[in-house]
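Below: one structure, written as structure tokens.
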Amino acid sequence: MKWPARLEAFWRAKTNLRLSDDSKPYVHLFVCIYIGIAIVYIHQFHYPVYLTVSFPKLRISKDEMEYLVATSNGQTICPPEPPDLEGPFPVDIHTVSNQEELSRELNHVEKGGTFKPRNCKAAQRLAVIIPLRDRADQLMILLKYLHKILKSQQRDYQIFVAEQTPGSTWNKGRLYNKAVDTIIKMSPEFSCFIFHDVDLIPENDRNIYECSTENPIHMSVAINIYRYMLMYKGLVGGCLAVSREQYIRFNGYSNEFWGWGGEDDDLFLRINEAGYIIQRPSSNIGRYKMIRHLGNPVVNDMRYELVSNRAASIHGGLDSLQDIDCRLIESRDDKLYTTLLIDVGTKSKKVSQLESAALSRSWFKSLWEFVRTVNDNEQKELYK
Numbered sequence: 001m002k003w004p005a006r007l008e009a010f011w012r013a014k015t016n017l018r019l020s021d022d023s024k025p026y027v028h029l030f031v032c033i034y035i036g037i038a039i040v041y042i043h044q045f046h047y048p049v050y051l052t053v054s055f056p057k058l059r060i061s062k063d064e065m066e067y068l069v070a071t072s073n074g075q076t077i078c079p080p081e082p083p084d085l086e087g088p089f090p091v092d093i094h095t096v097s098n099q100e101e102l103s104r105e106l107n108h109v110e111k112g113g114t115f116k117p118r119n120c121k122a123a124q125r126l127a128v129i130i131p132l133r134d135r136a137d138q139l140m141i142l143l144k145y146l147h148k149i150l151k152s153q154q155r156d157y158q159i160f161v162a163e164q165t166p167g168s169t170w171n172k173g174r175l176y177n178k179a180v181d182t183i184i185k186m187s188p189e190f191s192c193f194i195f196h197d198v199d200l201i202p203e204n205d206r207n208i209y210e211c212s213t214e215n216p217i218h219m220s221v222a223i224n225i226y227r228y229m230l231m232y233k234g235l236v237g238g239c240l241a242v243s244r245e246q247y248i249r250f251n252g253y254s255n256e257f258w259g260w261g262g263e264d265d266d267l268f269l270r271i272n273e274a275g276y277i278i279q280r281p282s283s284n285i286g287r288y289k290m291i292r293h294l295g296n297p298v299v300n301d302m303r304y305e306l307v308s309n310r311a312a313s314i315h316g317g318l319d320s321l322q323d324i325d326c327r328l329i330e331s332r333d334d335k336l337y338t339t340l341l342i343d344v345g346t347k348s349k350k351v352s353q354l355e356s357a358a359l360s361r362s363w364f365k366s367l368w369e370f371v372r373t374v375n376d377n378e379q380k381e382l383y384k
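UniProt numbering applies: residue 1 is where the sequence shown begins, and numbers increase by one.
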């Protein structure tokens with residue numbers, strides 16, 4: 001047998017041996033295959049270890065490392081820009097389906113509100129958390145659109161409804177903190193948390209539900225009732241995407257905002273104090289329609305006082321859940337979401353004392369201190 005000149009040259013360069021004409025071809029073919037398998041094995045299983053040990057300061061996330069391994073294993077990675085997006089679409093906030101009808105329409109959703117793309121591997125696993133009390137109709141409207149959008153965006157996700165037990169004053173911060181704490185213990189695979197008000201319906205599927213490794217993302221930039229304009233730079237309420245590492249670093253929400261208002265403004269300050277800035281999509285992408293709701297929420301009269309008071313001992317956060325009477329009552333897999341029924345407990349003694357002290361101060365003075373505090377942090381963010 002006469003070996004091709006190029007193969008002969010390659011073999012001699014690698015082995016310093018000469019392929020004789022009477023060499024058995026299958027022996028050399030077997031050797032080449034063996035070497036190829038060894039190279040693939042080393043790349044698959046040892047390259048991530050080599051990368052971590054050799055470059056300990058390299059900023060590479062667990063998701064990105066899984067990407068490398070998945071790529072070497074031959075899996076298809078979901079593209080950064082999903083191919084089946086429509087852009088803006090009409091939203092009907094008046095037609096309400098029951099859960100049975102909606103589950104038949106959304107037959108791709110598995111029990112507990114989970115979905116993952118079958119033809120590719122998503123970069124992150126999302127936990128979408130919706131705080132709820134007495135707004136079941138709004139929840140059905142949101143789920144109708146949100147499940148469809150997340151599927152078209154090729155997200156690997158699960159929707160959690162953090163439902164507050166009846167009889168106590170509304171506390172969104174405790175709901176979010178307890179939900180995150182429960183989800184992390186349930187599955188450490190969740191790397192991205194989406195905090196989503198139940199009354200905001202997305203209007204553009206190009207507003208990608210994902211987390212940045214750099215900063216939190218405020219997704220609900222433009223809302224119809226505000227003429228699709230950002231109300232102020234410190235606004236982070238509505239829909240916010242935060243990575244697990246970021247949430248732990250700024251210690252989640254304050255546990256002590258009782259009633260409506262204040263907790264999101266306080267969260268902006270916590271994010272800012274942790275060294276982050278707020279990222280946002282453009283106003284033609286981050287568009288939402290708000291569902292009007294009847295009834296007057298219980299307004300938090302202490303919101304300005306609490307936002308102005310930056311003492312961590314007053315507010316607490318994710319790391320102080322064990323010190324307050326906030327507990328998970330039930331975790332239940334429904335057809336389109338997982339319910340986390342949470343008892344938010346009662347006010348801390350320090351907040352009650354702060355309320356008593358605040359009675360001697362004028363409402364205008366508290367408001368002025370609140371505006372000054374938020375404005376100072378907005379200015380700091382601009383120069384970061």
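Quick reminder that beta carbons are idealized off the backbone N, C-alpha and C, glycines included.
Residue environment, residue i, which counts as buried when at least 16 other CB atoms sit within 10 Å
i, result
"residue 158", "buried"
"residue 256", "buried"
"residue 219", "buried"
"residue 244", "buried"
"residue 385", "The first residue shown for the chain is 1 and the last is 384, placing residue 385 beyond what the model contains."
"residue 182", "buried"
"residue 275", "exposed"
"residue 89", "exposed"
"residue 282", "exposed"
"residue 322", "exposed"
"residue 178", "buried"
"residue 83", "exposed"
"residue 155", "buried"
"residue 253", "buried"
"residue 209", "buried"
"residue 113", "buried"
"residue 207", "buried"
"residue 167", "exposed"
"residue 131", "buried"
"residue 123", "buried"
"residue 226", "exposed"
Residue j beta carbon less than 9 Å from that of residue i
i, j, result
"residue 142", "residue 199", "yes"
"residue 269", "residue 180", "no"
"residue 238", "residue 265", "no"
"residue 163", "residue 133", "yes"
"residue 221", "residue 262", "no"
"residue 111", "residue 76", "no"
"residue 144", "residue 100", "no"
"residue 331", "residue 186", "yes"
"residue 135", "residue 217", "no"
"residue 234", "residue 301", "no"
"residue 342", "residue 213", "no"
Per-residue DSSP class, three states only, for residue i
i, result
"residue 306", "helix"
"residue 353", "helix"
"residue 393", "Because residue 393 is not part of the residues shown, which for the chain are 1 to 384, the question remains open."
"residue 108", "coil"
"residue 298", "coil"
"residue 328", "strand"
"residue 268", "helix"
"residue 93", "coil"
"residue 246", "helix"
"residue 384", "Residue confidence is low: residue 384 scores 47 on pLDDT, short of 50, so the model does not pin down where it sits. Its coordinate-derived value is still stated next. Three-state DSSP puts residue 384 in coil, outside helix and strand."
"residue 219", "coil"
Whole-Å CB distance - residue i paired with residue j, under 8 Å assumed
i, j, result
"residue 215", "residue 285", "No, residue 215 and residue 285 are not in contact; Cβ-Cβ is about 17 Å, not under 8 Å."
"residue 314", "residue 354", "6 Å"
"residue 169", "residue 351", "Actually they are not in contact, since the Cβ atoms of residue 169 and residue 351 sit about 12 Å apart, beyond 8 Å."
"residue 125", "residue 191", "6 Å"
"residue 340", "residue 193", "Rounded, the Cβ-Cβ distance is 13 Å, inconsistent with contact."
"residue 203", "residue 304", "Residue 203 to residue 304, Cβ: 32 Å. No contact."
"residue 271", "residue 93", "Going by Cβ atoms, the distance from residue 271 to residue 93 rounds to 30 Å, so no, they are not a contact pair."
Cβ contact check for the segment 334 to 348 and the segment 281 to 298: 3 or more pairs under 8 Å: Contact between the segment 334 to 348 and the segment 281 to 298 is absent, because fewer than three Cβ pairs lie under 8 Å.
At a cut of 8 Å, does the segment 167 to 176 reach the segment 140 to 154 through at least three beta carbon pairs? The segment 167 to 176 makes no contact with the segment 140 to 154, as fewer than three CB pairs between them are under 8 Å.
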